[in-house]
Amino acid sequence: MKKRYLVGNLKMNLNAVADVERYLVSMRKETSDRSDDSVEIVVAAPSIYLERFSLGLPEGVVPAAQDVFWEKEGSYTGQVSVPMLRDLGVGYVIVGHSERRAYAHETDEEIGRKVRAVLHGNLRPILCVGETAEERDGGRATETIANQVRSAFRDIPPLSAERVLVAYEPRWAIGGDTTPETEDIFGMSTVIRRTLSEAYGAAVADRIPVLYGGSVKEALLDRVCLAPKMDGVLVGRESLYPHEFSKMAGVLSRDGSSLETGM
Ligand code: PGA
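Put into C-alpha cells, the structure is as follows:
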C-alpha cells in the first residue's frame, strides 16, 4: 500500500520554549497509541527549536525544517545547512514555500539548488509549488506549476527524484478559509505528474508523492485529499493543535482504501 503523508508546518509560531514543551507533551499524548505506519507524520518546526523537537517528538513523528541553505558551510550569515539539520535528526526539509517565495524573494533557481542540496545530504525535500490568484485569474496556473516543477527537478536523477515530495499549495488558498474544488486539485496533481513523467517516465512520476496544502482542516480532508487520490496534506494553522492534527492521521489511514481506488 502506498504511504500517505501528514506534514505540519508550524511556521513562526510557538514563541517561547515553554510553548514548545507544552506542544511536545500534547503531541506525545495524542499520538501515543498509534500503531499504524501507513501515514508518515512530519512536523516542520522553527529551526531554533529543532533540537527540542528532535528529542521531544514521539516515536514515529519525524522532525522537519522549514527551509535550508544550499551550501554546506562557510560565510553565510544567518543560514542553516543540510549537515546541521541532519545532525539534529531532521528527516525532511520544506523547500520553496510560498511565504519564502514572497517574503525572502526566493527564485526557482535558488529553490532548485536547495532541493539538490537536501537530496545530496540524504534528507527528503518537500517541494512547494503554487500559483498566485493573479496567475490563476490570468489562466496561467498550469504553466506556472509546470515551470516550478521543471525548474526544481532540473539535474536530479530519477532515483533521487523519487525521494522528493511535491506539495501543491495554491498561494491564494494559504492562510485563509478558501480551498480549491476537488477537481481543480486533482487537475493540478495531474499537471504535476505529467510534468514529472515527461522528465522521468510514468513509473517514476507515479512514485513521487503529491500532497495538497492550503487551509486544510480535518473536516475538509475528503475534499482536498481523499477523492482526488492525493498522497497526503501539508497543514499550516491546524498543525498548531496536536489534537486536531493527530485526528487527521486517523482519517488519512482509515480512508487509505478509497485513496488507492480513487473513490
Ligand atoms: P494553512 O497553511 O494550512 O494555514 O493555510 C498551509 C501552508 O502554508 O502550508
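Numbering (numbering that gives the first Met the number 0), first residue to last: 0 to 262. Beta carbons: idealized from backbone N, C-alpha and C, even for Gly.
- Using a 10 angstroms sphere on the CB of Arg-135, the tally of other CB atoms reaches 16 or more, which defines it as buried.
- Pairing Asp-230 with Arg-3 gives a Cβ-Cβ distance under 7 Å.
- Distance from Ala-63 to Val-81 at the Cβ level is roughly 13 Å; contact not present, criterion being Cβ atoms closer than 8 Å.
- Burial is judged here by how many other beta carbons sit within 10 angstroms of a residue's own beta carbon; Val-215 has at least 16 and is buried.
- With a contact defined as Cβ atoms closer than 8 Å, Val-234 and Gly-95 miss out at about 17 Å.
- Looking at the backbone, the Cα of Ile-184 and that of Gly-212 are separated by about 10 Å.
- The alpha-carbon of Cys-127 is positioned some 30 Å away from that of Ala-17.
- In the three-state DSSP reduction, Gly-138 falls in the coil class, being neither helix nor strand.
- Here Gly-137 is exposed: its Cβ has fewer than 16 other Cβ atoms, across all protein chains shown, within 10 Å.
- Distance between Tyr-167 and Ser-150, taken at the CA atoms: about 15 Å.
- Secondary structure note for Glu-39: it is in no alpha helix (DSSP H), and the uninterrupted beta strand (DSSP E) holding it is 38-44.
- The DSSP assignment places complete alpha helix (DSSP H) segments of no fewer than 4 residues inside the segment 148-194 at 157-160, in order along the chain.
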